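Trainee: The opening position of the sequence shown corresponds to residue 5 in the working numbering, with each subsequent residue numbered one higher. C-beta: ideal position from N, C-alpha, C; glycine also. Here the structure is a predicted model, which is why all the values come from computation and not from measurement. Take a look at this one; I'll ask things after.
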Amino acid sequence: MPVVLMKPRQNVRGFTYRGIVLEDAPAWSGGRRRPVGWPELRAIVQAQQPVLSAPEPGCVRLCAVCRGPSGAGSYRCFQCDLHEQSAAGSLADLVVPVAYAIKGAPHARRLWQYKSPRMSQAAAAGAGVILRAMLLVFLRDHGSCLWQAAGAPGGTHVAGRPTHVAVVPTARGRPGEHPLRALVHGYLAAPWTGLTARPGGEQVRDLDPERFTAGPVPGARVLLVDDTWTTGSSAQSAAMALRAAGARSVITVVLGRHLGGAADEAGLGPAGMPFRLGSCAVHQARAVGSRP
Ligand SMILES: [Zn+2]
Ligand SMILES: [Zn+2]
5 MPVVLMKPRQ
15 NVRGFTYRGI
25 VLEDAPAWSG
35 GRRRPVGWPE
45 LRAIVQAQQP
55 VLSAPEPGCV
65 RLCAVCRGPS
75 GAGSYRCFQC
85 DLHEQSAAGS
95 LADLVVPVAY
105 AIKGAPHARR
115 LWQYKSPRMS
125 QAAAAGAGVI
135 LRAMLLVFLR
145 DHGSCLWQAA
155 GAPGGTHVAG
165 RPTHVAVVPT
175 ARGRPGEHPL
185 RALVHGYLAA
195 PWTGLTARPG
205 GEQVRDLDPE
215 RFTAGPVPGA
225 RVLLVDDTWT
235 TGSSAQSAAM
245 ALRAAGARSV
255 ITVVLGRHLG
265 GAADEAGLGP
275 AGMPFRLGSC
285 AVHQARAVGS
295 RP
């Protein structure tokens with residue numbers, strides 16, 4: 005794992021980015037690592053740009069919740085519609101994917117590689133460096149877009165940045181710190197709030213308010229992060245648990261909205277919907293919330 009050094013705080017729009025990342029030492033450097041800052045983090049993301057795609061703001065072909073394909077004339081995709089029918093008002097205020105994770109494409113691969121025990125430590129760490137850069141740069145550049153969009157009329161979000169960060173627990177309750185939290189927790193100053201999977205919950209695939217429990221967070225505005233959104237059932241179950249624990253609002257940011265291999269033909273690949281550092285799914289959003 006890359007070593008993390010602490011240095012004077014840098015503001016991440018609503019968070020405090022506390023660390024500097026040391027890039028992995030190239031073979032010729034004799035093992036010396038070089039500290040990197042925002043321009044370097046952004047360059048890491050920029051290098052991935054040609055192979056990444058991301059939801060375009062205001063695109064009517066996309067589900068208003070998860071930004072996956074919604075089907076002709078539909079406001080939400082099938083899954084998000086089911087969730088809304090069964091739990092309107094207790095789901096996340098806003099869901100924003102950083103990028104699409106297209107089956108078989110580099111971003112989708114990295115989203116399992118960074119936490120896979122089958123990968124070598126170096127390969128997992130290499131995937132982690134890119135994912136961490138993507139999440140930190142996104143929060144720094146587009147955090148204010150999120151807080152604004154979630155506070156739009158119709159949403160329950162109270163204006164202002166999140167007071168807590170949480171991560172969606174993994175399906176199989178692995179011991180130790182969640183790999184995504186381990187990746188970024190040294191860089192975000194907002195306090196983390198714990199979510200735990202109830203025993204037996206790993207069999208559950210549907211939306212279930214009982215699947216997770218959260219520590220008490222009365223009145224909190226929670227930023228909920230996850231690596232991959234497939235059906236959204238686990239992330240939305242986690243949002244429900246946070247609300248049951250008193251959270252006033254929940255904004256969910258996922259590194260990858262999973263899409264099947266036909267995403268390119270559907271115009272959701274890098275050619276049809278390119279990832280842009282300067283944009284996000286709710287960029288300069290006026291009233292784009294998760295509900296009509
Ligand atoms: Zn959806
Ligand atoms: Zn934005």
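1. Specify the secondary structure class of Ala58 as computed by DSSP and reduced to three states.
2. Short check: CB of Arg215 to CB of Ala245, under 9 Å?
3. Is DSSP giving His161 helix, strand or coil here?
4. Just mark Gly3 as buried or exposed, buried being the case when its beta carbon has 16 or more other beta carbons within 10 Å.
5. Whole-angstrom Cβ separation of Leu259 and Leu135, contact assumed at under 8 Å?
6. Collect the residues with a C-beta less than 5 Å away from any heavy atom of ligand 2 and give them in sequence order along the chain.
7. Is the CB-CB distance between Val55 and Pro101 below 9 Å?
8. Relative to the C-alpha of Ala193, which candidate in Gly282, Trp116, Arg80, Leu143 has its C-alpha closest?
9. In three-state DSSP terms, what is His262?
10. Hey, would you say the C-beta of Val102 is under 8 Å away from at least one heavy atom of ligand 1?
11. Would you tell me roughly how many angstroms separate the C-alpha atoms of Ser90 and Leu211, rounded to the nearest one?
12. If you draw a straight line from the C-alpha of Asp145 to the C-alpha of Pro61, how long is it?
Mentor: Walking through what the data contain:
1. Residue state, collapsed to three classes: coil.
2. Going by C-beta atoms, Arg215 is nearer than 9 Å to Ala245.
3. At His161 the pLDDT is 49, less than 50, meaning the model places this residue with poor confidence; the figure from the coordinates comes in the next sentence. His161: coil per DSSP, three-state reduction.
4. What is shown of the chain runs 5 to 296, which leaves residue 3 out entirely.
5. So it is a contact: roughly 6 Å between Cβ atoms.
6. Every residue whose Cβ sits closer than 5 Å to any heavy atom of ligand 2 is listed here in chain order: His146, Cys149, Cys284, His287.
7. Not closer than 9 Å, so no.
8. Closest by alpha carbon: Leu143.
9. Residue state, collapsed to three classes: strand.
10. Answer for Val102: no, Cβ out of range of ligand 1.
11. When rounded, the distance between both Cα atoms is 9 Å.
12. Distance from the CA of Asp145 to the CA of Pro61, rounded to the nearest whole angstrom, comes to 15 Å.
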